[in-house]
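Visitor:
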Amino acid sequence: MDNNTKFSFPLYSPGKQCETTKNQNILAADLRLKESRLAHYTCVDGNVGSISEKTYQTKDYASFVDMAKDFIQQEGNFDRIAIGVPGPVINGKCETLNLPWALDEEEIKKALGASKVALINDLEATAYSLADFADTLLEILHTSENKVRGNVAILAPGNGLGEAGLFWDGVSLRPFATEGGHSEFSPRNDFEIQFYQFLNKIYGIVTWENVLSKDGIYNVFRFLRDVGRHEESAELKADLQAGEFLPTLAKHAAQGNSRLANLTLEMYSEFLAREANNLVLKLKATGALIITGDITDTLFDLFNKQKFYKDFLISDRMQHLLQDIPLYVLRNKNSILEGAAYYGAFFED
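If you read the sequence shown in the working numbering, its first letter stands for residue 262, the second for the next number, and so on.
1) Taking all protein chains shown into account, do 16 or more other C-beta atoms lie within 10 angstroms of the C-beta of PRO271, making it buried, or fewer, making it exposed?
2) Could you pull out every residue in the same chain whose Cβ sits closer than 6 angstroms to the Cβ of ALA546, ignoring the five residues on either side in sequence?
3) Please report the straight-line C-alpha distance between ASP340 and LEU473, rounded to a whole angstrom.
4) Does the beta-carbon distance from ARG435 to TYR273 come in below 9 angstroms?
5) Grab the span of the beta strand (DSSP E) containing SER311 for me, first residue to last.
6) Would you report the Cα separation of ALA392 and THR468, rounded to the nearest angstrom?
7) Mapping DSSP to helix, strand and coil, what is ARG578?
8) Please state the DSSP three-state secondary structure of GLY441.
9) According to DSSP, is GLN584 part of a helix, a strand, or is it coil?
10) On a Cα-Cα basis, can you pick out the residue from PRO349, LEU521, SER447 that is closest to VAL481?
11) What does the alpha-carbon distance come out to for the pair LYS330 and TYR322?
12) Tell me the rounded alpha-carbon separation between THR303 and LYS370.
13) Ignore the nearest five residues each way along the sequence and tell me which others in PHE325's own chain have a CB closer than 8 angstroms to its CB.
14) Per DSSP, which residues does LYS377 bridge with? Please list them.
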């Protein structure tokens, strides 16, 4: 990336100039099934800055309120609380299999005494993090001379498959969440039909999350091993038994000593490019596609990026639209925390 490159994602932030947003202390949360992170942010003169952060084992707490009380005891009281959650937020509430407890904005507000509590989908929070980030966090996959302002799509494979958009209203970008990762996967050829049948026996309804999440890439791996009959070497098997799947797979693929590992990445990359294509077309995201998430951080450098881009372009009649869309990779492990803090500080009802 050219160090002089400047990216601009002008977000709709109606509260940024309000007097009530100045000198606020914000508790931002990135909640996950296993580990959750809470952070202290301050808002001064239209800027949000991080003060401190702590990681918690989610299942050690009976509720988010109990976890937050531990953090508040350490950091002091907060004016606002913004919580990034891995699931849909409906009327200020979230209940998802990705967390051990339900969340309710009003209940949290009463229990913790904050002036404002906001639940926000984690991918929507990631979208808000684009308001203020370092250019070094964004890698260019493809640029176009045809500079068009328009909607932006975000695709984030990780524990699940996150998908979000930013609607271009003619002046600003307005983030919104989707649950597109739960839309149904469809095969394209005979080999993929076998893959679909393999997953159908496990899940019944087969979604893109079953293919592109952390469980999804393991599904690709075991399909190629068990149905495709590609050999799992003794060394790879031993390493998988001793360590986590994703970094172990990445290590063997990088070393080039496992055809099974390399084929898994190739097949996964093709599916990721296809769903990126699907998301861009559905949102008409002429502004940009941004790929992020835990799997991206671990594996994307191992992909054949030229082939990924060619796979992304495959379309019945829309290649002319797809080829003009900028593609970026966002590598920011704090995007949910930063975006939640930004939303909590500047988005006024």
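Glycine included, C-beta positions come from ideal geometry on N, C-alpha and C.
Guide: This is what the structure holds:
1) exposed
2) ASN412, VAL413, ALA414
3) 38 angstroms
4) yes
5) 308–318
6) 31 angstroms
7) coil
8) helix
9) coil
10) LEU521
11) 11 angstroms
12) 19 angstroms
13) ALA290, LEU292, ILE344, TRP362, LEU364, ILE369
14) ARG341
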